[in-house]
Structures are given as structure tokens and as C-alpha cells.
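Residue numbering for the sequence shown follows the working numbering, starting at 258 and increasing by one per position. Using N, Cα and C, we set each Cβ at its ideal position, and we do this for glycine too. Nothing here was measured: the structure is a model prediction, and the numbers come from that model.
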Amino acid sequence: MPDLTIRNLTATALELKLVERFDGKATSGGEHKVKGKISGVFKGSSVAQHVCIKGESRDSRELSLPLGRFETHATDVQAPEPGREVVRLTFEFDGHRYQVDVPGESRRSLVMKKLDDGPHEYTVVYVTNGSCVSIYSSTHLSSWMKELRDEWPLTALSIPGTHNSPTSHVALPSVRCQAVGIREQLDNGVRFFDVRVQVNSDDRKSDLILVHSAFPISLTGTKYFHDLLEDVYSFLDANPSETLIMSIKREGTGKGTDQQLSKHLHQRYAAPDNAKWWTEPRIPRLGEARGRVVLFRRHFNDASLDAEHDGRGYGLDCADWPDNCEDATTGGPGIARVQDFYEMDVSHNIVKKIELARAHLERAAERVCPVDPAPGDENKPFFVNFLSASNFFNANCWPEKIAAKLNPATIEYMALPPRRGRQGPQ
Numbered sequence: 258m259p260d261l262t263i264r265n266l267t268a269t270a271l272e273l274k275l276v277e278r279f280d281g282k283a284t285s286g287g288e289h290k291v292k293g294k295i296s297g298v299f300k301g302s303s304v305a306q307h308v309c310i311k312g313e314s315r316d317s318r319e320l321s322l323p324l325g326r327f328e329t330h331a332t333d334v335q336a337p338e339p340g341r342e343v344v345r346l347t348f349e350f351d352g353h354r355y356q357v358d359v360p361g362e363s364r365r366s367l368v369m370k371k372l373d374d375g376p377h378e379y380t381v382v383y384v385t386n387g388s389c390v391s392i393y394s395s396t397h398l399s400s401w402m403k404e405l406r407d408e409w410p411l412t413a414l415s416i417p418g419t420h421n422s423p424t425s426h427v428a429l430p431s432v433r434c435q436a437v438g439i440r441e442q443l444d445n446g447v448r449f450f451d452v453r454v455q456v457n458s459d460d461r462k463s464d465l466i467l468v469h470s471a472f473p474i475s476l477t478g479t480k481y482f483h484d485l486l487e488d489v490y491s492f493l494d495a496n497p498s499e500t501l502i503m504s505i506k507r508e509g510t511g512k513g514t515d516q517q518l519s520k521h522l523h524q525r526y527a528a529p530d531n532a533k534w535w536t537e538p539r540i541p542r543l544g545e546a547r548g549r550v551v552l553f554r555r556h557f558n559d560a561s562l563d564a565e566h567d568g569r570g571y572g573l574d575c576a577d578w579p580d581n582c583e584d585a586t587t588g589g590p591g592i593a594r595v596q597d598f599y600e601m602d603v604s605h606n607i608v609k610k611i612e613l614a615r616a617h618l619e620r621a622a623e624r625v626c627p628v629d630p631a632p633g634d635e636n637k638p639f640f641v642n643f644l645s646a647s648n649f650f651n652a653n654c655w656p657e658k659i660a661a662k663l664n665p666a667t668i669e670y671m672a673l674p675p676r677r678g679r680q681g682p683q
């Protein structure tokens with residue numbers, strides 16, 4: 258077996274202090290593989306086989322291996338034999354110890370166990386394919402923006418987001434895209450939300466209905482935009498250091514227009530809660546957007562909103578969103594650069610989608626934001642990288658089936674060290 262590589266992808270220095278080796282037994286879940294011919298880093302499995310420990314450790318070794326912030330180190334620790342071994346790693350930070358078993362017993366991310374009252378939380382991804390242990394900070398996910406500087410533009414940040422964000426309810430399998438609701442996503446660190454609403458022609462008397470394409474997002478009762486906003490406002494009240502970007506698009510079977518949607522958003526939601534919204538047609542810096550919802554509109558405005566903000570308009574204008582695109586820009590001078598290839602017609606398109614997502618990560622990683630950005634430097638554009646796709650007429654290409662392949666492949670790519678010629682996310 259090759260030796261382990263350990264990546265400390267956190268802002269805290271760690272030290273590997275103890276390595277223990279156990280016999281193991283593969284659990285019933287087996288190894289999750291990405292099917293199909295996938296080139297480069299995507300060959301082989303993306304998620305380590307699930308293994309449970311059998312008995313006491315048969316080998317224990319103390320050592321001192323410093324792992325600086327955002328550093329990658331090769332070790333002389335042999336990787337566990339797949340399906341038959343577990344390696345327990347004990348790390349130390351400022352006198353506090355944390356422990357993790359690789360591989361783990363379940364398909365969930367590996368969470369480091371605190372051996373005392375340590376101040377940090379760490380999550381680990383173990384990639385069998387590269388014998389790589391990658392460590393991420395999961396401390397204070399509900400307020401992770403608190404540590405970032407006010408003057409940084411939002412486009413300089415790596416912002417986790419979800420596709421068709423409110424679709425976590427009991428629904429058609431081709432409609433449901435998320436496993437948890439909006440508040441839990443917020444608490445888990447998600448800050449970009451993709452919301453689709455249905456507009457009726459008499460929008461003054463009806464609320465916006467949450468939909469996915471022509472379908473309701475719940476089979477147990479209509480879900481409304483105002484309930485989603487209650488969760489959002491409650492979160493922002495509890496975490497004023499945070500901001501979130503909300504992409505709003507008109508879908509569904511309602512006969513309302515984009516223009517009616519824009520007036521409804523303005524009059525019923527944003528204007529009465531003006532302090533909760535950022536609606537200027539420019540990308541804000543984090544300090545300007547804290548405690549607010551940044552309107553990222555995928556609909557056209559009514560002409561009455563052209564006079565807003567001293568005649569500059571209303572909201573970040575991405576109404577000309579490119580359909581089913583591999584790499585395209587949207588939004589006037591280029592507010593966003595988008596990968597949104599979603600039409601799955603044959604299985605090989607899943608492999609294509611993986612490659613497109615990887616390429617877009619690399620394009621985003623080429624951008625560098627100065628630590629002290631100059632006034633007016635917005636570091637545009639946003640790089641929007643959807644991992645989602647679907648085909649209503651093919652059950653093998655419904656959102657959950659796509660996610661089962663796309664998510665592990667993307668996690669593997671981001672966890673492994675960059676290779677020569679590959680920029681990679683840092």
C-alpha cells in the first residue's frame with residue numbers, strides 16, 4: 258500500500274501525534290464507485306469503502322509531524338488496506354487532541370472526535386484513490402463569514418450554494434433536489450440559494466408559490482416564498498455577520514409575468530424589509546451585505562424599477578441566463594460566469610457533467626483577489642458552478658441519481674492535491 262498524504266486545508270496549524278492501526282471489516286454499504294470511463298483524477302472510487310474496527314489496535318506509533326496552515330505533506334504512514342484495515346490518526350492543536358478513523362464506518366463525512374474541550378471542529382475526507390486525508394474546518398459553520406474582512410467583495414469568496422434550494426419536501430423524485438430545509442442549509446454554511454417561484458397574474462393578492470419547473474415542490478401542501486423568508490430572516494437575526502445571495506427565477510404554471518414578479522418582490526417583500534435586502538445593481542463588499550439578502554435576479558424587471566438607486570436599476574441583473582450552458586457569462590458587464598449544463602439524455606453525459614464542473618472549478622481558481630482590494634475592484638464575476646442535472650423522462654437521471662455520482666467525484670477532486678498542469682481549488 259502507498260503512504261498517506263495529509264492535507265491541512267484549515268487556518269489552524271496541526272500536528273500529527275499518534276498513529277494506530279486496526280484490523281477492519283467492510284460494512285454492507287460496500288464501496289461507492291463512479292461508473293463510466295472517467296479520466297484523470299476521477300478514475301476509481303470517489304468515496305472510501307466503509308469499514309468498522311475489529312478488536313484492539315495491533316500497532317501504535319507516536320510521532321511529531323507538523324502540518325502548517327493550508328499545507329500538504331507526504332508521510333511514511335502506510336495507507337490502510339481497503340476493506341481490511343482502519344488507521345486511527347490523532348492530531349493536536351494548542352495542546353488539544355482530535356482523533357479520526359480512516360476510513361470510517363458510514364458514507365457521511367468523517368468528523369474528528371474531540372478528546373478534550375478543544376475549541377475547533379474538523380471534518381475529514383479520505384480518498385482511497387489517492388491515499389489522501391484532507392482536513393477541513395467545520396467550526397462555526399453558521400457564522401463562518403464572521404472571520405472575513407468587510408472590504409472583500411462577495412465575488413472574492415468561495416460561497417457554497419444549492420440548486421433548487423427549497424426542494425427538500427416529499428415530492429416527485431424528479432423534483433426533489435435537497436435532503437434538508439433552508440434553515441439547516443444556512444446552519445451548515447450554505448450562502449447561495451436558487452429559488453423558483455410561481456407568479457399569478459393578480460400578484461397583489463397572492464403569495465409567491467415555490468415550484469420546480471411546472472411542479473409544486475411538495476405533495477403534502479403548497480409551500481410559499483414568505484415562509485422561506487421567515488427562515489432566512491430568523492437566521493440573519495441570529496447571525497448578523499452573514500449574508501446570502503438569493504437567485505430568484507419565475508417558473509410554474511401561473512400566468513404572471515417577470516415584470517409582475519419584480520414588482521411583487523419589491524413592493525411586498527424587499528421594500529417593507531429594506532434593511533434585510535441588498536438590491537443595488539452592483540456587487541457589494543461583505544461589510545455592506547452583512548445581515549442582508551443579496552438579490553440575484555433571473556427575471557426581467559418592470560420598467561417602474563428602472564428609476565431605483567438613482568436610475569441605476571434594481572438587483573443584480575442576470576435575466577439573460579444562458580440555458581444548458583457549459584461556460585457562459587450573464588449580467589450586463591459580466592456579473593456571473595456560469596456552468597449550468599443540466600440536460601441528461603444518455604448516461605455518458607454524466608461523465609461530461611463531471612468534467613465541466615471540474616473545469617469551472619479550475620477557472621474560478623485562476624482568479625486572485627488582493628488581500629487589500631482597491632476601491633471599485635469588485636473582482637468580477639461570480640463563478641456559478643451547478644453540479645445538478647436531470648431528465649424527467651429517465652429515472653436514472655433524476656436529481657438524486659445524478660448527485661450520487663457528481664457529488665463524490667467533485668469531493669474527490671477538491672480533496673486531492675493539485676497535479677502538475679492542474680490549477681485546482683486551494
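Note on geometry: alpha-carbon atoms of T332 and D373 lie some 26 Å from one another.
Take K282, set aside five residues on each side of it, and the residues of its chain with a beta-carbon closer than 7 Å to its own are V308, C309 and K311, in chain order. With a threshold of 16 other beta carbon atoms within 10 Å, K370 falls short and is exposed. CA-to-CA, the gap between G509 and W535 works out to about 26 Å. For T667, the enclosing alpha helix (DSSP H) begins and ends at P656 to A672. A straight line joining the alpha-carbon of Y481 with that of S463 spans about 10 Å. Of the candidates Q356, R624 and A652, Q356 places its Cα closest to the Cα of V381. Straight-line spacing of the CA atoms in F557 and V334 works out to 57 Å. The C-beta distance from L411 to V551 rounds to 7 Å, short enough to fall under 8 Å.
For A331, no alpha helix (DSSP H) run applies; the uninterrupted beta strand (DSSP E) run containing it begins and ends at E328 to Q335, by DSSP. Excluding five sequence positions before and after E342, the CB atoms of its chain that fall closer than 6 Å to its own CB belong to G281, given in chain order.
The C-beta distance from H523 to L562 rounds to 6 Å, short enough to meet the 8 Å contact threshold.
In this structure, T385 and L275 do not form a Cβ contact; the two beta carbons are roughly 22 Å apart against a cut-off of 8 Å.
The Cβ atoms of L320 and H330 do not sit closer than 8 Å to each other. The beta carbon of V432 sits closer than 7 Å to the beta carbons of T424, H469, F472 and I474 from its chain, once the five residues preceding and following it are set aside; these are given in chain order. Using a Cβ distance threshold of 8 Å, P497 and R547 count as a contacting pair. Classified as buried, L324 has 16 or more neighbouring CB atoms from the shown chains inside 10 Å of its CB.
Distances from the alpha-carbon of S366 to those of C575, E349 and Y393 put Y393 closest. Secondary structure of W578 (DSSP, three-state): coil. Residue L543 holds the alpha-carbon nearest to the alpha-carbon of W401 among L543, G352 and K610. Looking at the DSSP output, W401 sits in no beta bridge, so it has no partner there.
The Cβ-Cβ distance between H420 and D451 falls below 8 Å. In chain order, I607, K610, I611, A614, L644, S645 and A646 place their CB closer than 8 Å to the CB of L663, counting only its own chain and leaving out the 5 sequence neighbours on each side.
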